[in-house]
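A short worksheet on the structure shown next.
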Amino acid sequence: MTSVYDFEVKKPNGEITSLKEYEGKPLLIVNTASKCGFTPQFGGLQSLYEKYKDEGLVVLGFPCDQFNNQEFDDISETTEFCQRNYGVSFPMFAKINVNGDNADPLFKHLTTEKKGILSKKIKWNFTKFLVDKNGQVVERYAPATVPGKIEEDLKNVL
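Mapping to full-length UniProt numbering: the sequence shown position 38 is 38, numbers consecutive.
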């Protein structure tokens, strides 16, 4: 059975890394955007990360520019923006596509494992996927779901 840990992703510096580095840890995987109405959710994601990182939680941010071009062109601008405005210290990765022919394989897997209400396609920035310690996708959350609303589900996978 394929798990999230079987995928490789690209860091902001272009280096490829394996998600095996997070094996055995619950993950909250999010497609992010720096210039979106939901951008303040970075603060809530950071709060969850700080509160539960000692119990193993890792939040993984994947900037995406597919929805109204709401991400900086330069990934260094993205990471600086997130750190400066929201204190983001959880891992951020290179900008990706989450839908279409060029969708990142990780997001193809996530959307296959947990479809949205009407389709498996990601509809907007800040769609969130909760992954258990075995690398299995256990829940998908809509962009409007604030990180604090995920906390009870998160406790079940810690």
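Here a beta-carbon is modelled for each residue, glycine too, at the ideal position from N, C-alpha and C. Given the structure is predicted, the values throughout are model-derived calculations rather than measurements.
So what's residue i in DSSP terms, helix, strand or just coil?
i, result
"Asn-68", "coil"
"Thr-32", "strand"
"Gly-44", "helix"
"Lys-115", "coil"
"residue 194", "Since the first and last residues shown for the chain are 1 and 158, residue 194 lies out of range."
"Asn-99", "coil"
"Gly-148", "helix"
"Lys-108", "helix"
"Lys-51", "helix"
Can you list, in chain order, the residues of its chain whose CB lies under 8 Å from that of residue i, leaving out five sequence neighbours each side?
i, result
"Asp-104", "Val-9, Phe-62, Ile-96, Asn-97, Val-98"
"Gln-46", "Val-59, Tyr-86, Gly-87, Val-88, Ser-89, Phe-90"
"Ser-76", "Pro-12"
Would you say residue i faces chain C, with C-beta separation under 7 Å as the test?
i, result
"Gln-41", "Structure shown: chain C not included; a single protein chain is present."
Leaving out five residues before and five after residue i in sequence, what residues of the same chain have Cβ atoms less than 6 Å from its Cβ?
i, result
"Gly-24", "Lys-133"
Residues bridged to residue i by DSSP?
i, result
"Val-58", "Leu-27"
"Val-9", "Thr-17"
"Met-92", "Gly-61"
I'd like the span of the beta strand (DSSP E) that includes residue i, first residue to last.
i, result
"Leu-129", "A quick correction: the sequence has Phe, not Leu, at residue 129. Per DSSP, Phe-129 belongs to the beta strand (DSSP E) from 128-131."
"Val-138", "137-141"
Taking the C-alpha atoms as reference points, what is the distance between residue i and residue j?
i, j, result
"Lys-20", "Cys-36", "30 Å"
"Thr-39", "Thr-2", "31 Å"
"Phe-42", "Phe-93", "14 Å"
"Lys-138", "Thr-145", "The sequence as given places Val at residue 138; Lys does not occur at that position. Each residue's Cα considered, the two are about 16 Å apart."
"Tyr-141", "Lys-155", "15 Å"
"Thr-17", "Phe-107", "16 Å"
"Phe-126", "Ala-33", "7 Å"
"Lys-120", "Glu-55", "30 Å"
"Phe-72", "Asp-65", "8 Å"
"residue 160", "Lys-123", "Summary: the structure shown does not reach residue 160, with the chain confined to residues 1 through 158, and so no result is reported for it."
"Gly-100", "Asn-31", "15 Å"
"Lys-114", "Val-131", "11 Å"
"His-109", "Thr-79", "25 Å"
"Pro-143", "Leu-158", "23 Å"
"Lys-11", "Gln-136", "22 Å"
Between which two residues does the alpha helix (DSSP H) harbouring residue i extend?
i, result
"Leu-154", "151-157"
"Tyr-86", "75-86"
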